[in-house]
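Residue numbers (the working numbering): 2 to 578.
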């Protein structure tokens, strides 16, 4: 075991980093052994985390799967609802009540880590450790994704310059470079300047690595062979005859797969209470499917009684894609879902209060106000109803804060049940870890055991693309209808003609609202969705519909987190949160 801080047990650590360092790290082999992972099946990265190869699935093939639980939330606010805290904390709670459980979560992008959001290792006494490694390089998967992405981009431009054997029309190249930093100046760039030796000049841009199709492919691949096949299907451009040119056509897919040969294996880590957690891939939910990898879930389900996975943003985004895309590809069926809510977020959705990140909450918002909750419970109601459409029982987890009154808590619990939740309980995992998640764990166990599994997707494969988009927009977002711009109509017609109409749709929209307007908070009605374009991620295996103004490269604010992150005199990171 290793302590990484001088913080002692009777002190009260003030930050997530302090709390994380106050707990002794255990050798990852000790954690793995509790779950039946053999030492020979670990590829250690230091003493405290390790890769688990997919070959473990061969040994575990005859074991039945455990229960599969997805954690989602109401629409996010600048305050944060504690979804990752709950995902990790529910795993802790299940272990606390005697169940063998792990959580499976995404690796955070370092763009948000050094921007405004901070890390994603959980918080308080519900964290994955070592949190510094979790929030930074970890085992290098994100870097491998960026390298594979940029290797293809470099070869596209080189191929055009060196004889253009695939007859690529440079004006149609859609494959962009990426990096894991928020950098708005790279959203639109011109490459190939400085003379003919530097390539053919063209306008392009950079995406953040989590927005790369390679990241989505890594998360949705079932094994190494499937990964290789999906990489080959990536479409980078059209030739002059208007036909798609793929990574396979260019001969780059094999090298990309080699770069990702280790990244396909999930990383096994530990929590503050010595339980296990799988960390793998990091696609954003407002752009891609926003869920951790299929392979991590498959391994975890063979090892445990319960697997708790997390979907990005609200249930209208990550959970909808978890059900309609991830579960469709994996064939796995969830047994229950947890919708995370906070009283302060419900107050924000009332529209009465303006919250600015980094600034104190409005004083009026801290006062007891049951009416504000009752008026805007609609956001929570809608998410409960939506998850129910997939045949999955819902448990509401209310993350309680010191400013929440007993009357407000009681109101949310009662209203959540009236809205159709199987149960609603207070979650106190941030303050008390597994013990604080015991009530939530008990409710989830009852939901899994008492409600028959009747999981279904929202639409069948054979439904036309237009109808799939309309189905999501009208039944999940509750829009009155969908307006398709000419580019979207043209694209849908093209993809249907190419025989790609069977693919699921991945909606690219704001995470802050059910609509395509982030200012329409709560549970908006009387609106229509506008789809600007429909594009193809052939390797990932889905079509994505663009709504609103979605950026694939975030920017830094005037006072990003990077200004407060540093090394101390002992060489340890400070300022991470």
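Every residue, glycine too, gets a C-beta built ideally from N, C-alpha and C. This one's a predicted model, so the numbers in the text were calculated from it and none came from an experiment.
Notebook entry, point to check: Among residues of its own chain, excluding the 5 on either side of residue 121, which ones have a beta-carbon nearer than 6 Å to its beta-carbon?
Noted result: Here the set comprises 85, 109.
Note to self: Under 7 Å, Cβ to Cβ, is there at least one residue of chain B near residue 227?
What the structure shows: In the structure shown, chain B does not exist; there is a single protein chain.
Next item on the list: May I ask you to check if the CB of residue 427 is nearer than 6 Å to at least one heavy atom of the ligand PLP?
Entry: Among the components of this structure there are no ligands whatsoever, and the ligand PLP is therefore not found.
Check: Buried or exposed: residue 163, going by 16 or more other Cβ atoms within 10 Å of its Cβ?
Finding: Counting the other CB atoms within 10 Å of its CB gives residue 163 a total below 16, which places it among the exposed residues.
Next item on the list: Would you grab the beta carbon distance between residue 221 and residue 146 for me? Rounded to a whole angstrom, and I think it's under 8 Å.
Entry: About 13 Å; that fails the 8 Å criterion.
Item checked: Alpha-carbon to alpha-carbon, residue 224 and residue 59 -> Per the coordinates, the alpha-carbon of residue 59 lies some 12 Å from the alpha-carbon of residue 224.
Note to self: Short of 7 Å in beta carbon distance, which residues of its chain neighbour residue 1, apart from the five on each side in sequence? Order them along the chain.
What the structure shows: Coverage of the chain is limited to positions 2 through 578, which leaves residue 1 absent and any answer about it impossible.
Note to self: Can you give me the C-alpha to C-alpha distance between residue 2 and residue 24, rounded to a whole angstrom?
What the structure shows: Interpretation of residue 2 is limited by its pLDDT of 48, a score under 50 that renders its predicted location unreliable; the figure taken from the coordinates is listed afterwards. Their backbone Cα atoms lie some 9 Å apart in a straight line.
Note to self: Between which two residues does the beta strand (DSSP E) holding residue 179 run?
What the structure shows: Run containing residue 179: 178-180, per the beta strand (DSSP E) assignment.
Next item on the list: Mark residue 131 as exposed unless 16 or more other C-beta atoms lie within 10 angstroms of its C-beta, in which case mark it buried.
Entry: Counting Cβ neighbours within 10 Å, residue 131 comes out buried, since at least 16 surround it.
Checklist line | Residue from 400, 482, 457, 569 whose Cα sits closest to the Cα of residue 127 | finding: Among 400, 482, 457, 569, the Cα nearest to that of residue 127 is on 400.
Next item on the list: Ignore the nearest five residues each way along the sequence and tell me which others in residue 54's own chain have a CB closer than 7 Å to its CB.
Entry: For residue 54, where only same-chain residues beyond five positions count, the Cβ hits under 7 Å are 42, 44, 266.
Item checked: Nearest-angstrom Cα separation, counted from residue 420 out to residue 217 -> If you draw a straight line from the Cα of residue 217 to the Cα of residue 420, it is about 34 Å long.
Notebook entry, point to check: Straight-line CA distance for residue 559 to residue 150?
Noted result: So the two alpha carbons sit approximately 29 Å from each other.
Notebook entry, point to check: Is it true that the region 363-377 meets the region 325-340, where meeting means three or more beta-carbon pairs spaced less than 8 Å apart?
Noted result: Too few Cβ pairs lie closer than 8 Å, so no.
Check: Alpha carbon to alpha carbon, how far is residue 1 from residue 198?
Finding: Coverage of the chain is limited to positions 2 through 578, which leaves residue 1 absent and any answer about it impossible.
Check: CB residue 344 to CB residue 509, shorter than 7 Å?
Finding: Cβ distance not < 7 Å, so residue 344 and residue 509 don't count as in contact.
Check: Whose CA, out of 409, 555, 189, lies closest to the CA of residue 212?
Finding: Nearest in C-alpha terms to residue 212, of all of 409, 555, 189, is 555.
Notebook entry, point to check: By the 10 Å Cβ neighbour count, where 16 or more other Cβ atoms means buried, how is residue 406 classified, buried or exposed?
Noted result: Exposed.
Checklist line | Beta-carbon proximity check, residue 395 vs residue 423, cutoff 7 Å | finding: Yes. Within cutoff.
Checklist line | Residue closest to residue 452, alpha-carbon to alpha-carbon, out of 389, 465, 544 | finding: Closest by alpha carbon: 389.
Notebook entry, point to check: For residue 154, which of 92, 91, 236 has the nearest alpha-carbon?
Noted result: It is 236.
Note to self: Between which two residues does the alpha helix (DSSP H) holding residue 471 run?
What the structure shows: 466-476 is the span of the alpha helix (DSSP H), which, as asked, contains residue 471.
Next item on the list: Note down, in chain order, each residue of its chain lying with its Cβ closer than 6 Å to the Cβ of residue 161, except the 5 sequence neighbours on either side.
Entry: The answer, listed in chain order, is 169, 171, 201.
Next item on the list: Could I get the ranges of all uninterrupted alpha helix (DSSP H) runs contained in the region 54-108, with 4 residues as the minimum, in chain order?
Entry: Considered as a whole, the region 54-108 harbours 57-60, 84-97 as its complete alpha helix (DSSP H) runs of no fewer than 4 residues, in chain order.
Note to self: Tell me the rounded alpha-carbon separation between residue 385 and residue 443.
What the structure shows: If you take the alpha carbons of residue 385 and residue 443, they lie about 19 Å apart.
Margin query: Helix, strand or coil, according to DSSP, for residue 270 in the structure here?
Written below: DSSP places residue 270 in strand when its eight states are reduced to three.
Item checked: Chain-order list of residues whose beta-carbon lies under 7 Å from that of residue 64 (same chain, five-residue window excluded) -> Within the same chain, residue 64 has close Cβ partners 303.
Check: Is there contact here, the region 565-575 with the region 527-545, by at least three beta-carbon pairs under 8 Å?
Finding: Flag = no, the region 565-575 and the region 527-545 do not touch.
Check: Taking the Cβ atom as the reference point for each residue, do residue 459 and residue 75 lie within a distance shorter than 7 Å?
Finding: No, they are not a contact pair.
Item checked: Residue nearest to residue 46 in terms of C-alpha spacing, selected from 115, 139, 67, 124 -> For residue 46, the nearest C-alpha among the options comes from 139.
Next item on the list: Output the distance between the C-alpha atoms of residue 21 and residue 262, rounded to the nearest integer angstrom.
Entry: Rounded to whole angstroms, residue 21 to residue 262 spans 31 Å at the Cα level.
Check: residue 317 by DSSP, collapsed to three states: which one?
Finding: Residue 317 falls in the helix class under three-state DSSP.
Notebook entry, point to check: Nearest to residue 432 by alpha carbon, out of 88, 98, 124?
Noted result: Among 88, 98, 124, the Cα nearest to that of residue 432 belongs to 124.
Next item on the list: Put residue 533 into one of helix, strand or coil per three-state DSSP.
Entry: Strand.
Item checked: Cut-off 8 Å between Cβ atoms - residues of its own chain near residue 106, not counting five sequence neighbours on either side -> Counting only Cβ-Cβ distances below 8 Å, and skipping sequence neighbours, we find 85, 88, 89, 121, 129, 278, 279, 280, 293, 310, 311.
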